[in-house]
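Asker: Have a look at the structure that comes next, please.
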Amino acid sequence: MVNPASLQAIAPIRVPVPVRGRAYVHELKFDGFRGVVCIANDEPVVYSKRGYRFTRFAQLARDVAVSRRRWTAV
2 MVNPASLQAI APIRVPVPVR GRAYVHELKF DGFRGVVCIA NDEPVVYSKR
52 GYRFTRFAQL ARDVAVSRRR WTAV
């Protein structure tokens, strides 16, 4: 499994209008938690930006894992 401590989260920045185009990926930030879903050997885990396991989001992690066709994903 990927070591979440090795992942460097990109700090969000405020812009007046999101960029457009197929080469760009962005997300709207609402109040809440920011995390990373790691899937290895069909075991999905959500980690916080500080590397802690978000066990309360286990169902979300499973839903993401089902939507992925690969065994390993971040």
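Mind the numbering: the sequence shown is residues 2 to 75 in this note's numbering, read in order.
Just so you know, even glycine gets a beta-carbon here, dropped at the ideal spot from N, CA and C.
Answer yes or no: does any C-beta atom of chain C fall closer than 8 Å to that of C39?
Answerer: In summary, chain C is missing from the structure at hand, where a single protein chain is found.
Asker: With the cut-off set at 8 Å, would you say G36 and K50 are in Cβ contact?
Answerer: Position 35 of the sequence shown holds residue 36. Position 49 of the sequence shown holds residue 50. Cβ atoms of G36 and K50: closer than 8 Å.
Asker: What residue range is occupied by the uninterrupted alpha helix (DSSP H) comprising A62?
Answerer: Within the sequence shown, residue 62 is the residue found at index 61, counting from 1. From DSSP, the alpha helix (DSSP H) with A62 extends over A59 to S68.
Asker: When we look at the beta-carbon of I14 and count the other beta-carbons within 10 Å, is it buried (16 or more) or exposed?
Answerer: Within the sequence shown, numbered from 1, the residue matching residue 14 stands at position 13. Classification for I14: exposed.
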